[in-house]
């Protein structure tokens, strides 16, 4: 009930700001800020047809978002935006980011940005670049495309030896959102190393080819360098996209510092911004934040909505994840500082 009430109030406030033009006044009254937008892919069947719909935004949808926000705010990258905020006065900012490093980021996103005179930050995993390997989620999605959820849950249960997890996977597979619920269980309710091993075994047994799948989905080093040469900011997204919370010190350092080392070696330039995998507060612990700082990153983004100001914690930057269903008036209300204004007044309508 409380969540529904907050959602209703957020909707009403955003519509009031946008449809009355009040957002322009609020924008002038509120301190300079940056809205960071987040996504994964621009929809393109040849590159990402097998990925879930919630990981993609259509070309038309992204153009609409960037064109609308670009009329009021300066489009920038995360790094350049933070530098601009530190300088003080000037227009507020919008930074588009894409996670993981998918092939459509060069083939579709880059031409789109060039048409709009815009830029972006792309956060890439380094294992697909160095080893042509995909993370466990893509083996999971690939398997679900070729078998019923119940069959996959049964096959996983045969190998995991965890009766409780097997029962919960079977229940999730029979539910209304099997892909989402099964992925959530595999992400949070089992040992990460064992999960990776089992899914890789099932993937190979079903005829999966990791390199071929990687070549279809992910950027190559050549693609990544081309993005950087075109002015796209390249950031890190760990090596293999694990949940960082709870990782041991050695694996944590490998994933965070190792990703920066790999990217700087491959690009021949500094990489000092990062995105946390998955990015919710329960995916990140204090040890992970400290490891990001120790690795020399100056900024790291989450997936919790909000805006970024000059005094924001640079290692916990807010970010709006967007898709075709994201209401444009909510984005404009956030960009203008409308929700920040309410927070100053003691009313937080965040998710």
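Numbering (my numbering), first residue to last: 142 to 492.
Every residue gets a Cβ at the ideal spot worked out from N, C-alpha and C, and that includes glycine.
- The Cβ-Cβ distance between residue 263 and residue 192 does not fall below 8 Å.
- Between the alpha carbons of residue 222 and residue 270 lies a gap of roughly 27 Å.
- Within the same chain, 298, 326, 330 and 331 come within 8 Å of residue 306 by CB-CB distance, once the 5 residues on both sides are set aside.
- DSSP places residue 289 outside both helix and strand once states are collapsed to three, so it counts as coil.
- Nearest to residue 156 by C-alpha distance, out of 477, 225 and 303, is 477.
- Inclusion of residue 279 and residue 358 in the CB contact set at 8 Å is warranted, their separation being smaller than that value.
- For the options 400, 354 and 402, the alpha carbon positioned closest to that of residue 281 is the one of 354.
- Residue 169 has its alpha-carbon roughly 47 Å from the corresponding atom of residue 391.
- In summary, residue 214 is buried, with 16 or more beta-carbon neighbours lying within 10 Å of its beta-carbon over all protein chains present.
- Annotation for residue 397: the continuous alpha helix (DSSP H) segment containing it runs 390-408.
- Residue 146 is classed as exposed because its beta carbon has fewer than 16 other beta carbons within 10 Å across all chains shown.
- Residue 251 places its beta carbon 8 Å or farther from that of residue 204.
- Counting C-beta pairs with one atom in each stretch, the segment 337-354 and the segment 391-408 have fewer than three that are closer than 8 Å, which means they do not touch.
- Membership of residue 241 in the beta strand (DSSP E) is indicated by the continuous run 234-241.
- In this structure, residue 240 sits away from residue 185, with a CB-CB distance that is not shorter than 8 Å.
- Between residue 154 and residue 479, the CB-CB gap stays under 8 Å.
- Contact between the segment 188-202 and the segment 420-427 is not established, with fewer than three Cβ pairs separated by less than 8 Å.
- Rounded to whole angstroms, the Cβ separation of residue 314 and residue 291 is 5 Å, and the two are in contact under 8 Å.
- Counting only the Cα atoms, residue 301 lies some 14 Å from residue 328.
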